[in-house]
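Before any comments, here is the structure.
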Amino acid sequence: MNYSEVFSKAWQIVWKFKALWIFGILSSCARAGSGGGGGSIGGRGGSSHLINSGGVFASPNVVLPKQVYQWYLQTQSAWDTEPLGVFLIVLAVFFVVMALVVLSLFLGVLGRVGVARGAWLADAGEEKLNFSRIFNESKPYYWRVFLFFLLLFVASIAIGGLVVIPILLVIVFTLGLGLFFLIPLFIVVAFAIKILIEQTIVAIVAEDLGVFAAIERAWKLLVEKPWPQIVVGLATSIGEIAVMFVLVIPIFLVLIPFFISIFFQTDAVIGVGAIISGAGFILYLPVMILTSGILYAYIGSVWALTFKRLTQPLTPVVVEATEE
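For the sequence shown, numbering that gives the first Met the number 0 gives the first residue as 0, with consecutive numbering after it.
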(Lines of atoms letter the chains of each structure in order from A and count residues from 1; the text may use other names and numbers.)
(Lines give C-alpha, C1' and ligand atoms only; values in the text may rest on other atoms or scores of the structure.)
Protein backbone atom coordinates (compact mmCIF):
# COMPACT_ATOMS: atom_id res chain seq x y z
CA MET A 1 0.00 0.00 0.00
CA ASN A 2 1.23 3.47 -0.88
CA TYR A 3 1.16 5.24 2.50
CA SER A 4 2.05 8.67 1.20
CA GLU A 5 -0.80 8.47 -1.33
CA VAL A 6 -3.29 7.51 1.39
CA PHE A 7 -2.27 10.24 3.83
CA SER A 8 -2.01 12.96 1.20
CA LYS A 9 -5.27 11.99 -0.51
CA ALA A 10 -7.08 11.96 2.84
CA TRP A 11 -5.86 15.50 3.54
CA GLN A 12 -6.91 16.67 0.09
CA ILE A 13 -10.39 15.25 0.67
CA VAL A 14 -10.76 16.83 4.10
CA TRP A 15 -9.55 20.21 2.89
CA LYS A 16 -11.71 20.19 -0.23
CA PHE A 17 -14.96 19.00 1.37
CA LYS A 18 -15.22 21.09 4.51
CA ALA A 19 -18.61 19.58 5.35
CA LEU A 20 -16.53 16.67 6.65
CA TRP A 21 -15.28 18.99 9.40
CA ILE A 22 -18.78 19.05 10.88
CA PHE A 23 -18.95 15.27 10.85
CA GLY A 24 -15.47 15.19 12.34
CA ILE A 25 -16.68 17.36 15.22
CA LEU A 26 -19.62 15.02 15.73
CA SER A 27 -17.42 11.92 15.53
CA SER A 28 -15.32 13.21 18.42
CA CYS A 29 -18.34 12.59 20.65
CA ALA A 30 -18.10 8.84 19.98
CA ARG A 31 -14.32 8.78 20.33
CA ALA A 32 -14.11 10.36 23.78
CA GLY A 33 -13.69 7.73 26.45
CA SER A 34 -15.01 8.10 29.93
CA GLY A 35 -13.67 6.54 33.04
CA GLY A 36 -14.19 6.80 36.70
CA GLY A 37 -13.34 5.28 39.97
CA GLY A 38 -15.00 4.84 43.25
CA GLY A 39 -13.98 4.29 46.79
CA SER A 40 -15.13 4.53 50.35
CA ILE A 41 -13.94 7.13 52.78
CA GLY A 42 -13.92 6.29 56.39
CA GLY A 43 -13.24 8.81 59.12
CA ARG A 44 -11.80 8.00 62.48
CA GLY A 45 -14.04 8.13 65.47
CA GLY A 46 -17.19 7.64 63.36
CA SER A 47 -16.79 10.92 61.46
CA SER A 48 -18.16 10.94 57.90
CA HIS A 49 -16.45 14.21 56.94
CA LEU A 50 -13.73 14.18 54.31
CA ILE A 51 -12.16 17.37 55.72
CA ASN A 52 -11.67 18.12 59.39
CA SER A 53 -12.46 21.37 61.16
CA GLY A 54 -9.09 22.87 60.30
CA GLY A 55 -9.58 22.71 56.56
CA VAL A 56 -7.25 19.74 56.24
CA PHE A 57 -7.89 16.47 54.41
CA ALA A 58 -8.25 13.53 56.78
CA SER A 59 -5.76 11.69 54.59
CA PRO A 60 -3.41 12.75 53.19
CA ASN A 61 -2.53 15.77 55.30
CA VAL A 62 -3.14 18.56 52.76
CA VAL A 63 -4.26 22.05 53.79
CA LEU A 64 -6.94 23.58 51.57
CA PRO A 65 -7.22 27.25 50.59
CA LYS A 66 -9.66 29.16 52.76
CA GLN A 67 -12.28 29.70 50.04
CA VAL A 68 -12.30 26.04 49.02
CA TYR A 69 -12.73 25.06 52.67
CA GLN A 70 -15.66 27.48 53.01
CA TRP A 71 -17.31 26.03 49.90
CA TYR A 72 -16.91 22.57 51.37
CA LEU A 73 -18.49 23.67 54.66
CA GLN A 74 -21.46 25.16 52.80
CA THR A 75 -21.97 21.93 50.88
CA GLN A 76 -21.67 19.84 54.05
CA SER A 77 -24.12 22.13 55.86
CA ALA A 78 -26.62 21.87 53.01
CA TRP A 79 -26.37 18.08 53.11
CA ASP A 80 -26.89 18.02 56.90
CA THR A 81 -29.90 20.37 56.85
CA GLU A 82 -31.57 19.49 53.53
CA PRO A 83 -30.41 16.01 52.52
CA LEU A 84 -33.45 15.45 50.29
CA GLY A 85 -32.82 18.66 48.36
CA VAL A 86 -29.15 17.83 47.84
CA PHE A 87 -30.10 14.30 46.79
CA LEU A 88 -32.57 15.61 44.22
CA ILE A 89 -29.95 18.00 42.84
CA VAL A 90 -27.42 15.17 42.54
CA LEU A 91 -30.06 12.97 40.91
CA ALA A 92 -30.95 15.72 38.43
CA VAL A 93 -27.29 16.21 37.57
CA PHE A 94 -26.94 12.46 37.06
CA PHE A 95 -29.85 12.33 34.61
CA VAL A 96 -28.54 15.37 32.76
CA VAL A 97 -25.14 13.73 32.42
CA MET A 98 -26.71 10.48 31.21
CA ALA A 99 -28.81 12.40 28.68
CA LEU A 100 -25.67 14.11 27.40
CA VAL A 101 -23.91 10.74 27.13
CA VAL A 102 -26.77 9.28 25.09
CA LEU A 103 -26.92 12.39 22.90
CA SER A 104 -23.16 12.29 22.34
CA LEU A 105 -23.47 8.65 21.28
CA PHE A 106 -26.16 9.45 18.70
CA LEU A 107 -24.21 12.41 17.33
CA GLY A 108 -20.90 10.56 17.49
CA VAL A 109 -22.21 7.65 15.45
CA LEU A 110 -23.55 10.08 12.85
CA GLY A 111 -20.13 11.70 12.67
CA ARG A 112 -18.26 8.42 12.29
CA VAL A 113 -20.60 7.23 9.53
CA GLY A 114 -20.56 10.60 7.77
CA VAL A 115 -16.77 10.86 7.68
CA ALA A 116 -16.34 7.31 6.37
CA ARG A 117 -19.07 7.64 3.75
CA GLY A 118 -17.98 11.10 2.66
CA ALA A 119 -14.34 10.08 2.27
CA TRP A 120 -15.35 6.97 0.33
CA LEU A 121 -17.50 8.99 -2.09
CA ALA A 122 -14.83 11.67 -2.48
CA ASP A 123 -12.22 9.07 -3.34
CA ALA A 124 -14.63 7.62 -5.91
CA GLY A 125 -14.64 10.95 -7.73
CA GLU A 126 -17.61 12.85 -6.28
CA GLU A 127 -17.18 16.56 -6.89
CA LYS A 128 -19.99 17.93 -4.73
CA LEU A 129 -20.35 16.75 -1.15
CA ASN A 130 -22.22 19.14 1.11
CA PHE A 131 -23.63 18.38 4.54
CA SER A 132 -27.07 17.31 3.31
CA ARG A 133 -25.60 14.96 0.70
CA ILE A 134 -23.32 13.26 3.19
CA PHE A 135 -26.12 13.09 5.76
CA ASN A 136 -28.50 11.42 3.30
CA GLU A 137 -25.80 9.00 2.20
CA SER A 138 -25.13 8.09 5.84
CA LYS A 139 -28.70 7.29 6.87
CA PRO A 140 -28.85 3.71 5.49
CA TYR A 141 -25.85 2.71 7.64
CA TYR A 142 -26.55 4.70 10.78
CA TRP A 143 -28.41 2.14 12.88
CA ARG A 144 -26.01 -0.67 12.05
CA VAL A 145 -23.07 1.38 13.29
CA PHE A 146 -25.13 2.43 16.32
CA LEU A 147 -25.84 -1.24 17.08
CA PHE A 148 -22.14 -1.95 16.69
CA PHE A 149 -21.29 0.64 19.34
CA LEU A 150 -23.93 -0.79 21.67
CA LEU A 151 -22.39 -4.24 21.23
CA LEU A 152 -18.98 -2.75 22.03
CA PHE A 153 -20.38 -1.23 25.21
CA VAL A 154 -22.00 -4.49 26.36
CA ALA A 155 -18.94 -6.55 25.43
CA SER A 156 -16.59 -4.19 27.28
CA ILE A 157 -18.67 -4.48 30.46
CA ALA A 158 -18.96 -8.27 30.19
CA ILE A 159 -15.29 -8.86 29.42
CA GLY A 160 -14.20 -6.34 32.04
CA GLY A 161 -16.28 -8.13 34.67
CA LEU A 162 -14.79 -11.49 33.73
CA VAL A 163 -11.12 -10.47 33.71
CA VAL A 164 -10.94 -7.99 36.59
CA ILE A 165 -10.67 -10.65 39.32
CA PRO A 166 -8.03 -12.78 37.51
CA ILE A 167 -6.02 -9.63 36.81
CA LEU A 168 -6.15 -8.60 40.47
CA LEU A 169 -5.09 -12.11 41.51
CA VAL A 170 -2.13 -12.01 39.12
CA ILE A 171 -1.06 -8.63 40.50
CA VAL A 172 -1.37 -9.80 44.11
CA PHE A 173 0.39 -13.16 43.69
CA THR A 174 3.22 -11.65 41.64
CA LEU A 175 3.63 -8.70 44.03
CA GLY A 176 2.90 -6.30 41.21
CA LEU A 177 5.47 -7.76 38.83
CA GLY A 178 2.67 -9.10 36.67
CA LEU A 179 1.93 -5.54 35.59
CA PHE A 180 5.13 -5.56 33.52
CA PHE A 181 3.53 -8.25 31.37
CA LEU A 182 -0.10 -7.16 31.61
CA ILE A 183 0.40 -3.53 30.59
CA PRO A 184 2.08 -4.35 27.24
CA LEU A 185 -0.59 -7.00 26.65
CA PHE A 186 -3.35 -4.46 27.32
CA ILE A 187 -1.73 -1.97 24.94
CA VAL A 188 -1.49 -4.54 22.13
CA VAL A 189 -5.07 -5.74 22.63
CA ALA A 190 -6.42 -2.17 22.81
CA PHE A 191 -4.52 -1.25 19.65
CA ALA A 192 -5.92 -4.26 17.78
CA ILE A 193 -9.44 -3.44 18.96
CA LYS A 194 -8.99 0.15 17.78
CA ILE A 195 -8.10 -1.08 14.29
CA LEU A 196 -11.04 -3.49 14.26
CA ILE A 197 -13.45 -0.72 15.27
CA GLU A 198 -12.24 1.61 12.55
CA GLN A 199 -12.32 -1.03 9.83
CA THR A 200 -15.68 -2.44 10.93
CA ILE A 201 -17.27 0.99 10.55
CA VAL A 202 -15.79 1.37 7.07
CA ALA A 203 -16.88 -2.16 6.12
CA ILE A 204 -20.47 -1.35 7.07
CA VAL A 205 -20.46 1.94 5.20
CA ALA A 206 -18.44 0.90 2.15
CA GLU A 207 -19.68 -2.64 1.51
CA ASP A 208 -23.18 -2.38 3.01
CA LEU A 209 -22.56 -5.28 5.39
CA GLY A 210 -24.39 -6.24 8.54
CA VAL A 211 -22.76 -5.75 11.92
CA PHE A 212 -21.40 -9.26 12.41
CA ALA A 213 -20.44 -9.62 8.75
CA ALA A 214 -18.53 -6.33 8.99
CA ILE A 215 -16.73 -7.48 12.15
CA GLU A 216 -15.75 -10.69 10.37
CA ARG A 217 -14.61 -8.72 7.34
CA ALA A 218 -12.48 -6.38 9.45
CA TRP A 219 -10.98 -9.32 11.37
CA LYS A 220 -10.04 -11.22 8.20
CA LEU A 221 -8.51 -8.08 6.74
CA LEU A 222 -6.44 -7.54 9.89
CA VAL A 223 -5.22 -11.15 9.85
CA GLU A 224 -4.44 -11.20 6.13
CA LYS A 225 -2.89 -7.73 5.84
CA PRO A 226 -1.83 -6.63 9.33
CA TRP A 227 1.21 -4.45 8.66
CA PRO A 228 -0.39 -1.66 6.62
CA GLN A 229 -3.09 -1.30 9.26
CA ILE A 230 -0.55 -1.35 12.08
CA VAL A 231 1.45 1.41 10.38
CA VAL A 232 -1.67 3.51 9.80
CA GLY A 233 -2.87 2.84 13.35
CA LEU A 234 0.44 3.92 14.87
CA ALA A 235 0.65 7.02 12.69
CA THR A 236 -2.90 8.16 13.42
CA SER A 237 -2.61 7.38 17.14
CA ILE A 238 0.66 9.27 17.54
CA GLY A 239 -0.71 12.18 15.54
CA GLU A 240 -3.92 12.25 17.56
CA ILE A 241 -2.04 12.23 20.87
CA ALA A 242 0.30 14.99 19.70
CA VAL A 243 -2.51 17.24 18.46
CA MET A 244 -4.66 16.73 21.55
CA PHE A 245 -1.65 17.43 23.79
CA VAL A 246 -1.09 20.73 22.00
CA LEU A 247 -4.80 21.56 22.29
CA VAL A 248 -4.87 20.88 26.03
CA ILE A 249 -1.93 23.17 26.89
CA PRO A 250 -3.89 26.44 26.35
CA ILE A 251 -6.66 25.15 28.63
CA PHE A 252 -4.23 24.97 31.55
CA LEU A 253 -2.89 28.41 30.65
CA VAL A 254 -6.33 30.06 30.69
CA LEU A 255 -7.09 28.42 34.05
CA ILE A 256 -3.99 29.85 35.72
CA PRO A 257 -5.72 33.13 36.79
CA PHE A 258 -8.49 31.18 38.51
CA PHE A 259 -6.10 28.80 40.28
CA ILE A 260 -4.02 31.74 41.52
CA SER A 261 -7.09 33.64 42.71
CA ILE A 262 -8.20 30.71 44.89
CA PHE A 263 -5.30 31.32 47.26
CA PHE A 264 -6.45 34.89 47.97
CA GLN A 265 -8.80 35.61 50.86
CA THR A 266 -11.47 37.65 49.08
CA ASP A 267 -14.38 36.60 46.91
CA ALA A 268 -13.75 39.61 44.65
CA VAL A 269 -10.32 38.33 43.60
CA ILE A 270 -11.70 34.85 42.98
CA GLY A 271 -14.51 36.36 40.93
CA VAL A 272 -12.04 38.29 38.77
CA GLY A 273 -9.92 35.18 38.28
CA ALA A 274 -12.98 33.14 37.34
CA ILE A 275 -14.11 35.78 34.83
CA ILE A 276 -10.68 35.98 33.18
CA SER A 277 -10.31 32.20 32.96
CA GLY A 278 -13.90 31.74 31.84
CA ALA A 279 -13.60 34.34 29.10
CA GLY A 280 -10.34 32.83 27.90
CA PHE A 281 -11.84 29.35 27.81
CA ILE A 282 -14.92 30.53 25.89
CA LEU A 283 -12.73 32.28 23.32
CA TYR A 284 -10.50 29.21 22.94
CA LEU A 285 -13.30 26.62 22.83
CA PRO A 286 -14.27 27.20 19.14
CA VAL A 287 -10.62 26.83 18.11
CA MET A 288 -10.33 23.55 19.99
CA ILE A 289 -13.61 22.19 18.59
CA LEU A 290 -12.74 23.14 15.01
CA THR A 291 -9.24 21.69 15.23
CA SER A 292 -10.48 18.43 16.73
CA GLY A 293 -13.14 18.25 14.01
CA ILE A 294 -10.54 18.56 11.26
CA LEU A 295 -8.33 16.03 13.06
CA TYR A 296 -11.02 13.36 13.36
CA ALA A 297 -12.31 13.99 9.85
CA TYR A 298 -8.77 13.36 8.64
CA ILE A 299 -8.30 10.22 10.75
CA GLY A 300 -11.62 8.80 9.58
CA SER A 301 -10.73 9.56 5.97
CA VAL A 302 -7.35 7.86 6.35
CA TRP A 303 -9.03 4.69 7.62
CA ALA A 304 -11.61 4.76 4.84
CA LEU A 305 -8.89 5.05 2.20
CA THR A 306 -6.81 2.38 3.93
CA PHE A 307 -9.71 -0.06 3.81
CA LYS A 308 -10.34 0.76 0.17
CA ARG A 309 -6.68 0.41 -0.85
CA LEU A 310 -6.40 -2.95 0.89
CA THR A 311 -9.62 -4.35 -0.55
CA GLN A 312 -9.71 -2.53 -3.89
CA PRO A 313 -6.08 -1.71 -4.72
CA LEU A 314 -5.41 0.87 -7.36
CA THR A 315 -4.45 -0.79 -10.61
CA PRO A 316 -2.38 1.09 -13.17
CA VAL A 317 -3.91 1.63 -16.55
CA VAL A 318 -2.11 -0.47 -19.15
CA VAL A 319 -1.85 1.15 -22.56
CA GLU A 320 -1.29 -1.38 -25.30
CA ALA A 321 1.00 -0.38 -28.10
CA THR A 322 -0.52 -0.55 -31.55
CA GLU A 323 1.45 -1.48 -34.62
CA GLU A 324 1.43 1.02 -37.42
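We put the beta carbon where it would ideally sit given N, CA and C, even for glycine.
Please read these numbers as outputs of a predicted model, since none were measured by experiment.
Check whether residue i and residue j have beta carbons under 9 Å apart
i, j, result
"Leu-294", "Gly-107", "no"
"Gly-381", "Leu-128", "Only positions 0 to 323 of the chain appear in the structure, and residue 381 is not among them; the question remains open."
"Phe-257", "Ile-275", "yes"
"Gly-279", "Leu-252", "yes"
"Leu-19", "Ser-291", "no"
"Leu-221", "Met-0", "no"
"Gly-159", "Lys-193", "no"
Span separating the alpha-carbon of residue i from that of residue j
i, j, result
"Gly-270", "Leu-254", "13 Å"
"Ala-157", "Phe-16", "40 Å"
"Val-217", "Trp-14", "Val is not the amino acid found at residue 217; the sequence shown has Ala there. Roughly 28 Å separates the two Cα atoms."
"Met-287", "Ala-241", "14 Å"
"Ile-133", "Leu-87", "42 Å"
"Gly-41", "Thr-74", "Low confidence applies here, because Gly-41 scores a pLDDT of 42, under 50, leaving its location unreliable and the question unanswered by this model."
"Leu-246", "Leu-289", "11 Å"
"Phe-93", "Leu-99", "10 Å"
"Ile-21", "Gly-238", "20 Å"
"Pro-59", "Leu-120", "Here Pro-59 scores only 48 on pLDDT, less than 50, and its place in the model is too uncertain to base an answer on."
"Leu-184", "Leu-174", "18 Å"
"Tyr-2", "Val-153", "35 Å"
"Trp-10", "Lys-224", "24 Å"
"Leu-90", "Val-96", "10 Å"
"Phe-244", "Glu-81", "42 Å"
"Trp-78", "Gly-84", "8 Å"
"Asp-266", "Pro-285", "29 Å"
"Val-163", "Ser-131", "45 Å"
"Glu-4", "Phe-172", "50 Å"
"Leu-161", "Ala-213", "26 Å"
Option in the options with minimal Cα separation from residue i
i, options, result
"Gly-113", "Ser-260, Ala-234, Lys-224 and Ala-29", "Ala-29"
"Ala-205", "Phe-6, Glu-136 and Thr-74", "Glu-136"
"Ile-261", "Ala-273, Phe-251 and Ile-250", "Ala-273"
"Phe-147", "Asn-1, Gly-209, Gly-292 and Ser-291", "Gly-209"
"Phe-211", "Asp-79, Met-0, Val-92 and Arg-143", "Arg-143"
"Leu-150", "Val-169, Leu-104 and Leu-184", "Leu-104"
"Pro-249", "Ile-170, Pro-225 and Tyr-283", "Tyr-283"
"Val-230", "Ala-191, Lys-219, Ile-203 and Pro-285", "Ala-191"
"Val-188", "Ala-213, Ser-155, Asp-266 and Phe-172", "Ser-155"
"Tyr-141", "Val-163, Val-162 and Ile-203", "Ile-203"
beta-carbon residue i near the ligand SAH non-hydrogen atom, thresh 8 Å
i, result
"Val-187", "Among the ligands in the structure shown, none appear at all, so the ligand SAH cannot be discussed."
Residues near residue i by beta carbon distance below 7 Å, same chain, minus five either side
i, result
"Val-201", "Ala-115, Trp-302, Ala-303 and Phe-306"
"Pro-139", "none"
"Phe-263", "Ile-269"
"Arg-111", "Ser-26, Ala-29, Val-144, Ile-200 and Gly-299"
"Glu-126", "none"
"Ala-296", "Val-13, Leu-19, Trp-20, Phe-22, Gly-23 and Val-114"
"Glu-197", "Trp-302"
"Leu-178", "Ile-170"
"Leu-72", "none"
"Phe-6", "Val-301"
Own chain, CB closer than 8 Å to residue i, minus 5 neighbours either side, in chain order
i, result
"Val-268", "Ser-260"
"Leu-176", "none"
"Asp-122", "Lys-8, Ile-12, Ala-303, Leu-304 and Lys-307"
"Ser-236", "Phe-190 and Lys-193"
"Leu-181", "Ile-166, Val-169 and Ile-170"
"Gln-228", "Ile-194, Gln-198, Leu-220, Leu-221, Thr-305 and Leu-309"
"Ile-186", "none"
"Gly-124", "none"
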